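> The sequence shown: position 16 = 22 (the numbering used here), numbered continuously.
From the three backbone atoms N, C-alpha and C, an ideal C-beta is built for every residue, glycine too.
These numbers come from a predicted model, not from an experiment.
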Amino acid sequence: MNHIAKIATVALMALALAGCTATVAQTEETATSPAPTAQAVGTDGCKLVTTDKEGRLSSPILDGGERAGASGPAILDADGNITGYQVVTGDAISAIADRFCMEPKKIFYRNGWRPTEYPTIPIGAMLLAPSF
Numbered sequence: 007m008n009h010i011a012k013i014a015t016v017a018l019m020a021l022a023l024a025g026c027t028a029t030v031a032q033t034e035e036t037a038t039s040p041a042p043t044a045q046a047v048g049t050d051g052c053k054l055v056t057t058d059k060e061g062r063l064s065s066p067i068l069d070g071g072e073r074a075g076a077s078g079p080a081i082l083d084a085d086g087n088i089t090g091y092q093v094v095t096g097d098a099i100s101a102i103a104d105r106f107c108m109e110p111k112k113i114f115y116r117n118g119w120r121p122t123e124y125p126t127i128p129i130g131a132m133l134l135a136p137s138f
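Shown next as structure tokens:
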């Protein structure tokens, strides 16, 4: 076998093996990867904080930062977790819900209100997390 034929044979074998190895690795990786799951997303692109049947939060409440309609301070517990919000003049339930990635109706119900009762929300402390 001449020198050029040997080089061509080695190159062809390397190419064939590289293709097989990549396919096997991809198949193994695909087989062990979990299937993606759908997640509820808030208007700011954050994952919505929901509650289970017992009323426990699905994730910690995060503060997306002050904004028009939600410029009051967050209320924290002794461990630094957000448990509430201090409503200030000019706040709107939709902006507060967006800021903390929650549904407005959940905030209303957690505070013992009904959405139709308050066209504007009362000034003062508002619960965001369950209080048990």
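Could you give the C-beta distance for serine 77 and aspartate 104, rounded to a whole number, given that I count them as a contact under 8 Å?
As a first step, residue 77 is located in the sequence shown; it is residue number 71 there, counting from the start. As a first step, residue 104 is located in the sequence shown; it is residue number 98 there, counting from the start. Actually they do not touch by this definition, with Cβ atoms about 13 Å apart.
> Is it buried or exposed, valine 55, if we count other Cβ atoms within 10 angstroms and call 16 or more buried?
Mapped onto the sequence shown, residue 55 falls at position 49. Valine 55 should be labelled buried.
> To which residues of the same chain is isoleucine 129 closer than 6 Å at the C-beta, ignoring the five residues directly before and after it?
Position 123 of the sequence shown, counted from the start, is the residue given in the question as residue 129. These residues qualify, in order along the chain: Val93.
> Less than 8 Å between the CB atoms is what I'm expecting for arginine 62 and proline 136, so what's the real figure, rounded?
Taking the first residue of the sequence shown as position 1, residue 62 is located at position 56. Taking the first residue of the sequence shown as position 1, residue 136 is located at position 130. Confirmed, about 7 Å.
> Distance, Cα to Cα, aspartate 69 vs asparagine 87?
Taking the first residue of the sequence shown as 1, we reach residue 69 at position 63. Taking the first residue of the sequence shown as 1, we reach residue 87 at position 81. One C-alpha to the other measures close to 10 Å.
> How is the alpha helix (DSSP H) around isoleucine 81 delimited, first residue to last?
Locating residue 81 in the sequence shown gives position 75, where the first residue counts as 1. Here isoleucine 81 belongs to no alpha helix (DSSP H); instead the beta strand (DSSP E) covers 80-82.
> Helix, strand or coil for alanine 135, going by three-state DSSP, please let me know.
To locate residue 135, count along the sequence shown from 1; it is residue 129. Residue state, collapsed to three classes: coil.
> Can you grab the Cα-Cα spacing for the pair tryptophan 119 / glycine 90, in whole Å?
In the sequence shown, counting from the first residue as 1, residue 119 sits at position 113. In the sequence shown, counting from the first residue as 1, residue 90 sits at position 84. Using only the alpha carbons, I get a separation of about 15 Å.
> Does leucine 155 pass the burial test, meaning 16 or more other C-beta atoms within 10 Å, or should it be called exposed?
Outside the displayed span of the chain (7 to 138) sits residue 155, for which this structure offers no information.
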